[in-house]
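*Asks:* Here you go, one structure.
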């Protein structure tokens, strides 16, 4: 991709000549495209492409629909651009226009994930809108394991405790525990333990799933799972027996494999399934 950066720099420069004419779809697609290739073009004035996108997106924030908001949030989080003005504007648009009900589960979970990832959470969006939507939902059956774990991870990372919402997610997670992969399990448990929302029913119910996926856990996931059970003070002897049986040589092999694969990790490093949020 680096060999093509000259042409992407050219396209970015050409976009600057007409960016004031871009609507919300053009702006979100532009940000999304450059985040996909992990490239932030810079200009002679010291301002980069994403700075320009932010300035224009804020001006037209009232035009943004869920897909555009989702793509913008994901793009900025993926490239590590914590533009407070952008995230504030997107959050304001969701809150003011009551758009949240139009978000699909993946878009909703990844939008709050993005806010938490760049450490620019929108208080009203987190404390009221998203939490209330989850709590008041008759069913979370449309939310898959990654959606559920991403939501509570975002709240824990952003330090927004909401016991009722965590309980609703826990109930859904228990029903769909068979779908959880190692990352989902670790993030779900870590989030609850971090917020000191230690739902013993959740921890007991998810223990067999955690034991089942233990072989695919990274070192970080293993330590997070063990730490979470310790904080929750939940006895899971079978799970801990499996964790403790991992030999020193296995730990070293895991670490070596982790280092060798780090250079080929996906665009969104926190995601293990090579799942890039976007148009479906």
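Numbering (the UniProt record's numbering), first residue to last: 1 to 280.
Where is the CB? At the ideal position from N, CA and C, for every residue including glycine.
Does residue 178 pass the burial test, meaning 16 or more other C-beta atoms within 10 Å, or should it be called exposed?
*Replies:* The residue is exposed, with fewer than 16 neighbouring Cβ atoms inside 10 Å.
*Asks:* How would you label residue 7, buried or exposed, when you count the other beta carbons within 10 angstroms and need 16 or more for buried?
*Replies:* Classification for residue 7: exposed.
*Asks:* Have a look at 85, 128, 78 and 114 and flag the residue whose alpha-carbon is nearest the alpha-carbon of residue 100.
*Replies:* Residue 100 has its Cα closest to that of 128, out of 85, 128, 78 and 114.
*Asks:* For residue 5, which of 42, 119, 245 and 26 has the nearest alpha-carbon?
*Replies:* Selected option, being the one with the closest Cα: 42.
*Asks:* With a floor of 4 residues, list each alpha helix (DSSP H) that falls wholly inside the stretch 126-153, ordered by position along the chain.
*Replies:* For the stretch 126-153, whole alpha helix (DSSP H) runs of length 4 or above, ordered along the chain, are 131-136.
*Asks:* Look up residue 51 in the DSSP assignment and say whether it is helix, strand or coil.
*Replies:* Helix at residue 51.
*Asks:* If you draw a straight line from the alpha carbon of residue 47 to that of residue 40, how long is it in whole angstroms?
*Replies:* Taking the straight line joining both Cα atoms gives about 10 Å.
*Asks:* Nearest to residue 192 by alpha carbon, out of 168, 214 and 218?
*Replies:* Measuring from the Cα of residue 192, the nearest candidate turns out to be 168.
*Asks:* Going by other Cβ atoms of all chains shown within 10 Å of its Cβ, with 16 needed for buried, is residue 120 buried or exposed?
*Replies:* Looking at its Cβ environment, which holds 16 or more other Cβ atoms inside 10 Å, residue 120 is buried.
*Asks:* My parser needs the alpha helix (DSSP H) runs of 4 or more residues fully inside the stretch 173-218; what are they?
*Replies:* If we require 4 residues or more, the alpha helix (DSSP H) runs fully inside the stretch 173-218 come out as 182-194 and 200-212.
*Asks:* Quick check on the DSSP output: the alpha helix (DSSP H) that includes residue 243 runs from which residue to which?
*Replies:* Where residue 243 is concerned, the enclosing alpha helix (DSSP H) stretches over 237-244.
*Asks:* Keeping to the same chain, check which residues put their C-beta closer than 7 Å to that of residue 19; ignore five residues upstream and five downstream.
*Replies:* Excluding positions up to five away in sequence, the list reads 52 and 56.
*Asks:* For residue 237 versus residue 197, is the C-beta distance shorter than 8 Å?
*Replies:* No; because the gap between Cβ atoms is not below 8 Å, this pair is not in contact.
*Asks:* Please list the segments of the alpha helix (DSSP H) lying wholly inside the stretch 62-114, counting only runs of 4 or more residues, in order along the chain.
*Replies:* You should have 66-79 and 84-97.
*Asks:* May I ask you to report which of helix, strand or coil DSSP gives residue 9?
*Replies:* Three-state DSSP puts residue 9 in a helix.
*Asks:* Taking the alpha helix (DSSP H) that residue 359 belongs to, which residues open and close that run?
*Replies:* Look at the range of the chain in this structure, 1 to 280, and you will see that residue 359 is not part of it.
*Asks:* In terms of alpha-carbon separation, which member of 26, 65 and 240 lies closest to residue 227?
*Replies:* Nearest option by C-alpha distance: 240.
*Asks:* State the CB to CB distance for the pair residue 203 and residue 189, rounded to an integer number of angstroms; the pair is presumed to be in contact (CB under 8 Å).
*Replies:* 7 Å between Cβ atoms; contact.
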